[in-house]
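> Protein chains in written order, with the numbering used here: chain A, 975 to 1240; chain B, -6 to 300. One structure is given below, represented as structure tokens, and several questions about it will come after.
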């Protein structure tokens, strides 16, 4: 007996409006012709055109995408291995330390993760730049990947693997031909999350970056501190559009490929 | 576990490799860096590169190690205790985290509850709608609020047009803006765990209570709320812990008079170049945050036992 009361509807509608209103305002103002953000000067796409000539922003976006791609891929490999170890290997030596190290970064404030990695790079006298940001983002994202893949592995039907092994498939082959295809949706979701986290990160990247590796959030942050600029509205709108299209198509694809509940995030 | 022993001995090398890779990565890039922070928090600040002493000189053998330990001091921690800036900073972070978590719970619960009561086929769509803003950049969402809250921004225009205020109030650089930014950014983190629990709630329990003549508010108080407590705990922790260490939101929306602890670490490090002091602030912050995490694990173990 489910009854939807007016109060229920009211809460949902208000919540959704609260979540989306600022983003909608941002997108609308990105089409504002006036340089003064507060004054409405009619519809225009001039800020998008100017964006194409802003080399600094384009460079930063390119660096961000590269960092996100490399670190998400590394984190997916490491995190999946970690999840397999935690779920399948039972009590191996050092398991407690391992699982603590998997969960701790999830709750570690970004400021501290960034600070500690910077101090490591300084102690090892590693020049900071593209690869130090990649290492930092990989470390942060590995834990999220492990948690997602782990949750999929836990309700995995073990009899499928056992059947393969009974039929003589060696463990590695069993993993590659039976287990992996079945957990691929979770791995894909984890990769996407890792990619988004890397693309989103400002704090850790600020600590671990160096000359020539200014990511898009660092760039946007330094502009935003000086006030609202129409070009930034345009960058953000493009970002929002890309994210919406990606997430919606991914969840649509997940719905089409798997009949039962697709790997829902979080 | 059984199948681990049942496997061919050859597999154990592969197994070791599977564990070793992520293990080594996390040791090198998570644990070791944190040990370095711990070590530097006991060092003194110096005008050098890197700006702290003593350095561990392994080349000098035992004498080097002895000198290193003799050079460590608690001065940075004494500084934390004696300088009101740090104490106020911690208190402000805890205060903002506590109040905004309460606000999040008050706003998030009705939303999650409403979502759980909607028709089944609409629920996945609602989940996507709540999650979607989370996927757009954190920075962009805060920036969107600057657009709205600035002096001649949308909010003041609406307020003036409706004659609610005569003079445009100042929103940016206030605590109100920090709360708004935090509640906005963390709402999905509160709604999702609550929804996950409420959605599984056994409807027959509510029917039973109604059949026995229990009023709806009392059913909520006696049945729904206690049964959703794991979701409440998860949501509160998912919000409270990161909010304490929050940097971007107070930095962009708040004023600079009373910084939160994340800002203090940032300022000590980048502004004052006092690495030992910021390391000490970070160590104390981690200790503060470990407490709720231990509580959470306790709770998780209890729910695990319950099945």
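We put the CB at the ideal spot given by N, CA and C, even for glycine.
#1: Tell me the DSSP secondary structure of residue 287/B in three-state form.
#2: Contact between the stretch 1077 to 1094 of chain A and the stretch 1136 to 1147 of chain A: three or more CB pairs below 8 Å?
#3: Within its chain, find whatever has a CB closer than 7 Å to the CB of residue 285/B; leave out the 5 residues flanking it on each side and keep chain order.
#4: Quick one: complete beta strand (DSSP E) runs, 3+ long, within the stretch 1015 to 1097 of chain A?
#5: Assess, as a yes-or-no matter, whether the stretch 13 to 24 of chain B is touched by the stretch 1047 to 1066 of chain A under the definition of 3 or more beta carbon pairs within less than 8 Å.
#6: With a threshold of 8 Å, are at least 3 pairs of Cβ atoms found where one atom belongs to the stretch 1114 to 1126 of chain A and the other to the stretch 1196 to 1214 of chain A?
#7: Taking a contact to mean a Cβ-Cβ separation below 8 Å, would you say residue 1168/A touches residue 1119/A in this structure?
#8: Residue 1021/A: which of 1001/A, 996/A and 1064/A sits nearest, CA to CA?
#9: Using only alpha-carbon positions, find the residue among 1204/A, 989/A and 1219/A that is nearest to residue 1007/A.
#10: For residue 1206/A, go through chain B and note every residue whose CB falls closer than 8 Å to its CB, in chain order.
#11: Can you list, in chain order, the residues of the stretch 249 to 271 of chain B whose Cβ is nearer than 7 Å to any Cβ on chain A?
#12: Counting only C-beta atoms, is residue 94/B closer than 8 Å to chain A at any point?
#13: Which residue marks the beginning of the alpha helix (DSSP H) containing residue 85/B, and which one marks its end?
#14: Leaving out the 5 sequence neighbours to the left and right, which residues in its chain are closer than 8 Å to residue 1010/A when beta-carbon positions are compared?
#15: Tell whether a beta-carbon distance below 8 Å holds between residue 993/A and residue 123/B.
#16: Anything in chain B within Cβ reach of residue 1213/A, meaning under 7 Å, just list it in chain order.
#17: Answer yes or no: does any C-beta atom of chain A fall closer than 8 Å to that of residue 288/B?
#18: Pull up the CB-CB distance for residue 1085/A and residue 978/A, whole angstroms please, since I reckon it's below 8 Å.
#19: Considering only residues of the same chain and omitting the five flanking positions on each side of residue 1173/A, which have a CB-CB separation below 7 Å?
#20: Taking 8 Å as the threshold (beta carbon to beta carbon), is residue 16/B in contact with chain A?
#21: Assign residue 1006/A to one of three DSSP states: helix, strand, or coil.
#22: Do you know how far the Cα of residue 208/B is from the Cα of residue 1040/A?
#23: What are the boundary residues of the alpha helix (DSSP H) that includes residue 168/B?
#24: According to the neighbour-count rule (16 or more other Cβ atoms, all chains shown, within 10 Å of its Cβ), is residue 311/B buried or exposed?
#25: Would you be able to state if there are at least three C-beta pairs under 8 Å between the stretch 170 to 189 of chain B and the stretch 135 to 154 of chain B?
#26: Run through DSSP, which three-state label would residue 38/B get?
#27: Closest to residue 37/B by C-alpha separation, out of 70/B, 26/B, 7/B and 88/B, would be which residue?
#28: Counting along the chain, where does the alpha helix (DSSP H) carrying residue 1134/A start and finish?
#29: Taking residue 1180/A and residue 1111/A to be in contact with their CB atoms under 8 Å, please state how far apart those CB atoms are, rounded to whole angstroms.
#30: Can you say whether residue 107/B is buried or exposed, counting buried as having 16 or more other CB atoms within 10 angstroms of its CB?
Working from what's here:
#1: Here residue 287/B is taken as the residue at index 294 of the second chain, counted from 1. Of the three classes helix, strand and coil, the one that applies to residue 287/B here is helix, per DSSP.
#2: Taking a contact to require three or more Cβ pairs closer than 8 Å, the stretch 1077 to 1094 of chain A and the stretch 1136 to 1147 of chain A do not qualify as touching.
#3: Mapped onto the second chain, residue 285/B falls at position 292. Closer than 7 Å at Cβ, skipping near neighbours: 230, 233 and 234.
#4: none
#5: Three or more pairs of CB atoms, one per stretch, sit closer than 8 Å, so the stretch 1047 to 1066 of chain A contacts the stretch 13 to 24 of chain B.
#6: no
#7: As a position in the first chain, residue 1168/A is number 194, starting the count at 1. As a position in the first chain, residue 1119/A is number 145, starting the count at 1. Contact: yes.
#8: What you label residue 1021/A is simply residue 47 of the first chain in a count that begins at 1. Comparing Cα-Cα distances from residue 1021/A to each of 1001/A, 996/A and 1064/A, the minimum goes to 1001/A.
#9: For the purposes of this step, residue 1007/A is identified with residue 33 of the first chain, where counting begins at 1. Nearest C-alpha to residue 1007/A: 1204/A.
#10: Along the first chain, one-based indexing puts residue 1206/A at 232. Result: 136.
#11: 255, 258, 259, 262 and 271
#12: Taking the first residue of the second chain as position 1, residue 94/B is located at position 101. Taking Cβ atoms only, chain A never reaches closer than 8 Å to residue 94/B, which makes this a no.
#13: Numbered from its first residue, the second chain carries residue 85/B at position 92. Where residue 85/B is concerned, the enclosing alpha helix (DSSP H) stretches over 77 to 110.
#14: On the first chain, residue 1010/A is found 36 positions in, with the first residue counted as 1. No residues qualify anywhere along the chain.
#15: Locating residue 993/A in the first chain gives position 19, counting from the first residue. Locating residue 123/B in the second chain gives position 130, counting from the first residue. Result yes, Cβ atoms of residue 993/A and residue 123/B sit closer than 8 Å.
#16: Here residue 1213/A refers to the residue found at position 239 of the first chain. Correct list: 129, 130 and 133.
#17: Against the second chain, residue 288/B aligns to sequence position 295. Not closer than 8 Å to any Cβ of chain A, the Cβ of residue 288/B fails to qualify, so no.
#18: Position 111 of the first chain, counting from 1, holds the residue named residue 1085/A. Position 4 of the first chain, counting from 1, holds the residue named residue 978/A. About 43 Å; that fails the 8 Å criterion.
#19: If you number the first chain from 1, residue 1173/A lands on position 199. Setting aside the 5 residues that flank it on each side, residue 1173/A is surrounded in the same chain by 1038 and 1042, each with a C-beta closer than 7 Å to its C-beta; the list follows chain order.
#20: As a position in the second chain, residue 16/B is number 23, starting the count at 1. Chain A contact via Cβ: present.
#21: Position 32 of the first chain, counted from the start, is the residue given in the question as residue 1006/A. Note: residue 1006/A maps to strand in three-state DSSP.
#22: For this step, residue 1040/A is matched to residue 66 along the first chain. For this step, residue 208/B is matched to residue 215 along the second chain. If I take the Cα positions, the gap works out to 58 Å.
#23: Translated into positions along the second chain, residue 168/B becomes position 175. Taken as a continuous stretch (DSSP letters only), the alpha helix (DSSP H) holding residue 168/B covers 168 to 192.
#24: Residue 311/B lies beyond the stretch modelled for chain B, which goes from -6 to 300, so this question has no answer here.
#25: yes
#26: Numbered from its first residue, the second chain carries residue 38/B at position 45. Looking at residue 38/B - three-state DSSP - the assignment turns out to be strand.
#27: The residue you call residue 37/B lines up with position 44 of the second chain. Per the Cα distances, 70/B.
#28: Taking the first chain and counting its residues from 1, one reaches residue 1134/A at position 160. Note, residue 1134/A: alpha helix (DSSP H), 1132 to 1140.
#29: Here residue 1180/A refers to the residue found at position 206 when the first chain is read from its first residue. Here residue 1111/A refers to the residue found at position 137 when the first chain is read from its first residue. About 12 Å separates the two Cβ atoms, so there is no contact after all.
#30: Position 114 of the second chain, counting from 1, holds the residue named residue 107/B. Residue 107/B is buried by the Cβ-count criterion.
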